[in-house]
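Residue numbers (the working numbering): 183 to 354.
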């Protein structure tokens, strides 16, 4: 029960209050564990993705705010067993929602799309095809099958297949 309260508080901070959490949840991937070619021998390439809110007017964070948050994330990772992570870091590439919005034109810098409105769509992502305009299709993190680069690419492929099928042409 205590852990459920902690999780609920965290997600309320990020998704309802749109604030950077003091104790973030972190998605961590050690890319080189499955593909050693992604870093020089004896090194690791890790991707660290903390849950943070998308850009919003209520809390307009600065790059400095995000860099301070990065330090909290590294503190937590070091406490959890990545000993001396700072000392062993050779290269780092920090992305903020501003960077994601600018580079990928992502709505409010969100990598997973905007949060679904449960009251309207029961948590499902938006459909890939407009119900109003026959030739209008959608792709991206807010569209089925969902967010993250692999799913966004899959979404684009599915839209392509739908268009080709509609035109009577075989995919591929």
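Idealized CB from N, CA, C, for every residue including glycine.
DSSP places residue 231 in the strand class (E or B) of the three-state scheme.
Its Cα nearest to that of residue 226, the residue 213 stands out among 317, 243 and 213. In terms of Cβ geometry, residue 202 and residue 251 form a close pair [threshold 9 Å].
Look at residue 236 here: in three-state DSSP terms it is coil, with no helix or strand label. Looking at the DSSP output, residue 210 sits in a beta bridge with 230. Annotation for residue 197: no alpha helix (DSSP H) segment contains it, and DSSP assigns it neither H nor E. Cα atoms of residue 308 and residue 326: separation of roughly 6 Å, rounded to the nearest angstrom.
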